[in-house]
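Novice:
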Amino acid sequence: MTAYRHTVIFGRRRVASANSCDGRVARVLKGFRDFVMRGDVITVAVGLVVALAFSNLVKAFTDSVINPLVAAAQPGEKFGLGWQLGEAGNKATFIDIGAFISAIIYFIVFMAVVYFLIVLPYRHIQKRRGVTVFGEEPATKACPACLSDIPEAAQKCKYCATDQPAAA
Numbered sequence: 045m046t047a048y049r050h051t052v053i054f055g056r057r058r059v060a061s062a063n064s065c066d067g068r069v070a071r072v073l074k075g076f077r078d079f080v081m082r083g084d085v086i087t088v089a090v091g092l093v094v095a096l097a098f099s100n101l102v103k104a105f106t107d108s109v110i111n112p113l114v115a116a117a118q119p120g121e122k123f124g125l126g127w128q129l130g131e132a133g134n135k136a137t138f139i140d141i142g143a144f145i146s147a148i149i150y151f152i153v154f155m156a157v158v159y160f161l162i163v164l165p166y167r168h169i170q171k172r173r174g175v176t177v178f179g180e181e182p183a184t185k186a187c188p189a190c191l192s193d194i195p196e197a198a199q200k201c202k203y204c205a206t207d208q209p210a211a212a
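Each residue of the sequence shown is one higher than the one before, starting from 45 at the first, in the numbering used here.
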């Protein structure tokens, strides 16, 4: 039985700590709490949940609409669009091109949904706030002395400190 000498307050709860762990456990738990409660982590978690929901929606669309259309492209009693390598009727030796085509269509539809429903509105909101996200990178030029990429408006190379010729 471990003797507890004091308690460490964690949030609104009291967590008992042993002598050997003293403040280390409290610091680790406080650090974890601060990490979880940061806005970035919560934003990423919400984005992940939304992406998974869209993924399931698009998967259902491709499974119930696209796959039957792809399978109908090859007539006959087969597993789908593809080639049978071994014994007829053996799914283990069937190269299913239809499933691959469906996966490509799924990926394209999913990325289009993410782009039009998440990226474009986010870019618009951030632009109104004055923050550039997913924007084009500034124009660069090569330093004649060291051939490093530097901003086009640079007057001195940040790598070799040579003066740059004036822009024409």
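Backbone N, C-alpha and C fix where the C-beta goes; we use that ideal spot for every residue, glycine too. Computed from a predicted structure; not experimentally measured.
(1) Beta strand (DSSP E) containing Ala156: first to last residue?
(2) Would you call the stretch 157-172 in contact with the stretch 91-98, where contact means no fewer than 3 C-beta pairs closer than 8 Å?
(3) Can you tell me whether Val163 sits near the ligand MN, meaning its C-beta is under 6 Å from at least one heavy atom of the ligand?
(4) When you compare the CB positions of Gly142 and Gly126, do they come within less than 7 Å of one another, or not?
(5) Out of Asp207, Ile145, Gln128, Ala147, which one is the CA nearest neighbour of Ile139?
(6) Going by beta carbon distance, what residues of the same chain come within less than 6 Å of Ala210, once the five residues before and after it are set aside?
(7) Can you tell which of Gly133, Thr87, Arg167, Ile145 has the C-alpha that lies nearest to the C-alpha of Leu113?
(8) Which of helix, strand or coil does DSSP assign to Thr184?
(9) In angstroms with no decimal places, state the Cα-to-Cα distance between Ala156 and Ala183.
(10) Pick out whichever of Cys190, Val158, Phe151, Pro195 has its Cα sitting closest to the Cα of Gly91.
(11) So, for Pro195: in the same chain, excluding its five sequence neighbours on each side, which residues have a beta-carbon less than 7 Å away from its beta-carbon?
(12) Between the alpha carbons of Lys135 and Phe151, how many angstroms are there, rounded?
Specialist: With the structure as the only source:
(1) Working through the sequence shown from its first residue, we reach residue 156 at position 112. Run containing Ala156: none in the beta strand (DSSP E); it sits in the alpha helix (DSSP H), 141-158.
(2) yes
(3) Looking for the ligand MN in the displayed structure turns up nothing, as the structure carries no ligands at all.
(4) One-based indexing of the sequence shown puts residue 142 at position 98. One-based indexing of the sequence shown puts residue 126 at position 82. Contact flag set, yes.
(5) The residue given as residue 139 occupies position 95 in the sequence shown. Answer by Cα proximity: Gln128.
(6) Here residue 210 corresponds to residue number 166 of the sequence shown, with the count starting at 1. Nothing listed; no residue qualifies.
(7) Here the question's residue 113 lines up with position 69 in the sequence shown. It is Ile145.
(8) If you number the sequence shown from 1, residue 184 lands on position 140. Of the three classes helix, strand and coil, the one that applies to Thr184 here is strand, per DSSP.
(9) Counting from one through the sequence shown, the residue named residue 156 turns up at place 112. Counting from one through the sequence shown, the residue named residue 183 turns up at place 139. Their backbone Cα atoms lie some 28 Å apart in a straight line.
(10) Residue mapping note: residue 91 aligns to position 47 of the sequence shown, counting from 1. Closest by alpha carbon: Val158.
(11) In the sequence shown, counting from the first residue as 1, residue 195 sits at position 151. Excluding residues within five positions, the ones whose Cβ falls inside 7 Å are Pro182, Thr184.
(12) In the sequence shown, the residue the question calls residue 135 occupies position 91. In the sequence shown, the residue the question calls residue 151 occupies position 107. Cα-Cα distance, rounded: 24 Å.
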